[in-house]
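A.B. asks: To convert a position in the sequence shown, counted from 1, into our numbering, add 14. Virtual Cβ for every residue (Gly too), placed ideally from N, Cα, C. All figures in this text were calculated on a predicted structure; none of them were measured in a lab. The structure that follows is given in the form of structure tokens.
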Amino acid sequence: MEELIGPCIFLASAASNLVTGESLLVDGGWHEG
Numbered sequence: 015m016e017e018l019i020g021p022c023i024f025l026a027s028a029a030s031n032l033v034t035g036e037s038l039l040v041d042g043g044w045h046e047g
């Protein structure tokens, strides 16, 4: 659950206003590429 804190704060902030149609992969670093 700790890896969800950063993306949640980002998405709730004004910094993510221009982010549309994206999927954020939050998997603790298991995905490469």
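By the three-class DSSP mapping on this structure, what secondary structure does Gly20 have?
C.D. replies: It is helical.
A.B. asks: Under 8 Å by Cβ, that's how I've got Glu17 and Val40 pegged, so tell me the actual separation to the nearest angstrom.
C.D. replies: Correct: roughly 5 Å between the Cβ atoms.
A.B. asks: Can you tell me the Cβ-Cβ gap for Leu38 and Pro21, rounded? I've got them flagged as a contact below 8 Å.
C.D. replies: About 5 Å; that satisfies the 8 Å criterion.
A.B. asks: Do you know offhand how far Gly43's Cα is from Ala28's?
C.D. replies: Gly43 and Ala28: Cα-Cα distance of roughly 25 Å.
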